[in-house]
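Below: the structure, in C-alpha cells.
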Amino acid sequence: WKNLETERALELARRAVEIKPDYHQGWYNLGNCHYLDRRFDEAAGAYRRAIELSPRFAQARSMLGKAFYDAKRFEESRVAFEETLEVRADDVEALFHLGLMASQDESTRPAALGYLKRYLAAGGDDPRVTEWVRDLEQR
Numbered sequence: 001w002k003n004l005e006t007e008r009a010l011e012l013a014r015r016a017v018e019i020k021p022d023y024h025q026g027w028y029n030l031g032n033c034h035y036l037d038r039r040f041d042e043a044a045g046a047y048r049r050a051i052e053l054s055p056r057f058a059q060a061r062s063m064l065g066k067a068f069y070d071a072k073r074f075e076e077s078r079v080a081f082e083e084t085l086e087v088r089a090d091d092v093e094a095l096f097h098l099g100l101m102a103s104q105d106e107s108t109r110p111a112a113l114g115y116l117k118r119y120l121a122a123g124g125d126d127p128r129v130t131e132w133v134r135d136l137e138q139r
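Residue numbering for the sequence shown follows our numbering, starting at 1 and increasing by one per position.
What follows is the structure, encoded as C-alpha cells:
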C-alpha cells in the first residue's frame, strides 16, 4: 500500500516537471518523493534543479543538505546547510545537522556549540540538543 502510494506520487511529480519544467516547486516535490523513497542521489538532483530555478528557496537547500547527509556525503551536506543559513539564518534543520556534524571533531566543537545554541534559540525542539549543549559546554 505505502509502496503504491509512493510510486503514484513519484509518477505525478515526474509528470508535473515534464509539463512545467521551470516550476521550482515541482522539482522540490519530485525531490521529496525521491527522498521519502530513500533515493538520495535522485533527490539531490531534483533539489538542485529547484534551487537553480529559485536560488533563495531555503526549503530546497535544507532538503539538499538532508539528502546528502542521509547519503553519507557529509562535506556536500555541510556546504548545502551553510548555504541554507545564508538564505534563512534560523533554519532549524540546517542548524541541527551542522551542529551534529561539527560535534564529531574536537577542532570544530566550538562551532557545534554555536550551531546547537542557535538551533534552540530558533525554536528547535529535539530534546537531545539541550543535553548535547550541556556536554559541549563542559568539555
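Note that CB positions come from ideal geometry on N, CA and C, so glycine has one too.
If you're wondering where the values come from, they're calculated on a predicted model, not measured in any experiment.
C-alpha gap between residue i and residue j, whole angstroms
i, j, result
"D37", "L30", "11 Å"
"R48", "L64", "7 Å"
"A50", "M101", "25 Å"
"A111", "S103", "8 Å"
"K66", "C33", "14 Å"
"R109", "E75", "16 Å"
Assigned exposure category for residue i - 16 Cβ within 10 Å defines buried
i, result
"E93", "buried"
"L10", "buried"
"L116", "buried"
"S201", "Absent from the structure is residue 201, since the part of the chain shown begins at 1 and ends at 139."
For residue i, the three-state DSSP class (helix, strand or coil)
i, result
"F57", "coil"
"R88", "coil"
"G45", "helix"
"A71", "coil"
8 Å contact criterion, which residue i and residue j should meet: CB distance rounded
i, j, result
"L215", "G124", "The question about residue 215 has no answer here: the residues shown for the chain are numbered 1 through 139."
"A44", "F68", "6 Å"
Open item on the list: Does the stretch 52–64 come into contact with the stretch 83–97, if we say contact requires no fewer than three beta-carbon pairs (one atom in each stretch) closer than 8 Å?
Closed with: Three or more beta-carbon pairs drawn from the stretch 52–64 and the stretch 83–97 are found closer than 8 Å, and the two stretches are therefore classed as touching.
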